[in-house]
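Participant: Per our numbering, the sequence shown starts with residue 491, numbered consecutively.
Before anything else, here's the structure in question.
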Amino acid sequence: MPTKKAVTLTLSLLMVAAQACGEPAAVVVEALMGKAAVLMIDGQRKMLAVGESFAGVTLVATEATTATLEVDGRTETVGLSRHVATTYQTLEERVVTIARDSKLQYQTNAVINGRSVLVLVDTGANVVAISSFQAKAMGVNYLEDGTPSQVETASGVIDAHSVTLQSVNVGGLQVDNVPATVVEGTYPATILLGMSYLRHVKIQEHDGMLSLSKSQ
491 MPTKKAVTLT
501 LSLLMVAAQA
511 CGEPAAVVVE
521 ALMGKAAVLM
531 IDGQRKMLAV
541 GESFAGVTLV
551 ATEATTATLE
561 VDGRTETVGL
571 SRHVATTYQT
581 LEERVVTIAR
591 DSKLQYQTNA
601 VINGRSVLVL
611 VDTGANVVAI
621 SSFQAKAMGV
631 NYLEDGTPSQ
641 VETASGVIDA
651 HSVTLQSVNV
661 GGLQVDNVPA
671 TVVEGTYPAT
681 ILLGMSYLRH
691 VKIQEHDGML
701 SLSKSQ
């Protein structure tokens, strides 16, 4: 279940001039994780450590809620909903609220590959985890489309397959092409909504309520 050590997510928008052409290029700071950040640069998602560059964008520094970027020789510190150029469009944020249950867990309904299922929010899981029993019921052809792997559980090492889900949608917060693991057998009993989905949304927990939000 989420803790205060969960990945701190923040969203901001930086519009800069593209080097290759005169049209503006979009750089979005999607997540801040210590001395690294996940950036969406011209539609390409890239994780950069401080000092690393990609497509002409260098991550100079990170703070709790801001990232300092160098683009085209300009250094800018970008925070939530801050713009640094004349072209800026406010993004509409959609919020989904989930109440903690009697087991102190956050469970909710999600639509995965068009099928409605129950999921358990789990920031400790690297990816969305699905039992092979549920995967078959959902029409996920993991044996043909997946890559064989193994996972370690309390019961030992179990065969699994790595797959890519077409889409995961929680209350309208949709993420496409989500990495997942299908575990042979009936574990987990409830689909684990792991970080391969959660890293694309902002997570906040307060007084037994968990909110997920994402700019649309």
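Glycine included, C-beta positions come from ideal geometry on N, C-alpha and C.
Values in this document were obtained by computation on a predicted structure and should not be read as measured data.
Can you tell me whether DSSP reads L682 as helix, strand or coil?
Facilitator: Your numbering for residue 682 matches position 192 in the sequence shown. Three-state DSSP puts L682 in a strand.
Participant: Kindly say whether K692, judged by its beta-carbon, lies nearer than 9 Å to any beta-carbon of chain D.
Facilitator: This model lacks chain D altogether; it includes just one protein chain.
Participant: In angstroms, rounded to a whole number, what distance separates the CA positions of V665 and T654?
Facilitator: Locating residue 665 in the sequence shown gives position 175, where the first residue counts as 1. Locating residue 654 in the sequence shown gives position 164, where the first residue counts as 1. Each residue's alpha carbon lies about 12 Å from the other.
Participant: Helix or strand or just coil, what does DSSP make of A644?
Facilitator: To locate residue 644, count along the sequence shown from 1; it is residue 154. Coil, per DSSP.
Participant: Need the endpoints of the beta strand (DSSP E) that S622 sits in, please.
Facilitator: Position 132 of the sequence shown, counted from the start, is the residue given in the question as residue 622. Element bounds for S622: not the beta strand (DSSP E) but the alpha helix (DSSP H), S622 to M628.
Participant: Could you spell out where the alpha helix (DSSP H) holding Y633 opens and where it closes?
Facilitator: For the purposes of this step, residue 633 is taken as the residue at position 143 of the sequence shown. The identity of residue 633 in the sequence shown is Leu, whereas the question assumes Tyr. It spans Y632 to D635 - the alpha helix (DSSP H) in which L633 sits, taken as one unbroken run.
Participant: Whole-angstrom Cβ separation of M699 and T613, contact assumed at under 8 Å?
Facilitator: The sequence position of residue 699 within the sequence shown is 209, counting from 1. The sequence position of residue 613 within the sequence shown is 123, counting from 1. 16 Å between Cβ atoms; not a contact.
Participant: Please say whether V611 and Q595 have beta carbons closer to each other than 9 Å?
Facilitator: Here residue 595 refers to the residue found at position 105 when the sequence shown is read from its first residue. Here residue 611 refers to the residue found at position 121 when the sequence shown is read from its first residue. Yes, these two residues count as a Cβ contact at 9 Å.
Participant: Could you give the C-beta distance for A619 and A670, rounded to a whole number, given that I count them as a contact under 8 Å?
Facilitator: Translated into the one-based positions of the sequence shown, residue 619 becomes position 129. Translated into the one-based positions of the sequence shown, residue 670 becomes position 180. Going by Cβ atoms, the distance from A619 to A670 rounds to 7 Å, so yes, they are a contact pair.
Participant: Just how far apart, CA to CA, sit K534 and L688?
Facilitator: Numbered from 1 along the sequence shown, position 44 holds the residue referred to as residue 534. Numbered from 1 along the sequence shown, position 198 holds the residue referred to as residue 688. Note that residue 534 is Gln in the sequence shown here, rather than Lys. Approximately 18 Å, taken between the alpha carbons.
Participant: Please work out which residues of its chain come closer than 6 Å, Cβ to Cβ, to S701, disregarding the five sequence neighbours upstream and downstream, and give them in chain order.
Facilitator: Translated into positions along the sequence shown, residue 701 becomes position 211. Hits under 6 Å: V585, T587 and Q694.
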